[in-house]
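Heads up: the sequence shown begins at 38 in my numbering, then just goes up one per residue.
Just so you know, even glycine gets a beta-carbon here, dropped at the ideal spot from N, CA and C.
Working notes, structure below.
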Amino acid sequence: MVEVGGRGDPPQDEERPDDMIQAEKSRGSGVIFALVAIALILAIGFFYLTKEREDKESRVITEAAESADSAARVIENAAQDAASSLRRQN
Numbered sequence: 038m039v040e041v042g043g044r045g046d047p048p049q050d051e052e053r054p055d056d057m058i059q060a061e062k063s064r065g066s067g068v069i070f071a072l073v074a075i076a077l078i079l080a081i082g083f084f085y086l087t088k089e090r091e092d093k094e095s096r097v098i099t100e101a102a103e104s105a106d107s108a109a110r111v112i113e114n115a116a117q118d119a120a121s122s123l124r125r126q127n
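In structure tokens form, the structure reads like this:
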């Protein structure tokens with residue numbers, strides 16, 4: 038008597054066709070592709086938001102420096118006017 042599905046052979050009902058194995062592989066690579074795409078989108082969004090915040094900060098710093106510069110010029114003009122009026126009085 039010849040045994041079918043002996044110890045060395047996998048049982049007949051547990052064999053999977055090549056199509057199923059290939060479908061599982063392609064599904065796995067699709068998931069990996071989707072995860073990489075999501076990570077890329079999140080990274081681009083993060084850098085875009087960070088850059089925008091840096092631009093706002095640099096604008097605020099520039100405006101503060103311009104404000105300090107204009108205040109220094111006002112003080113300089115006032116000092117020159119005061120010195121000129123003192124020279125005229127003497």
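Alpha carbon of residue i to alpha carbon of residue j, nearest angstrom
i           : j           : result
residue 96  : residue 66  : 45 angstroms
residue 98  : residue 78  : 30 angstroms
residue 87  : residue 80  : 10 angstroms
residue 122 : residue 110 : 18 angstroms
residue 100 : residue 72  : 42 angstroms
Residue-chain proximity (residue i, chain B), Cβ-Cβ < 7 angstroms
i           : result
residue 116 : The structure shown contains no chain B, having only a single protein chain.
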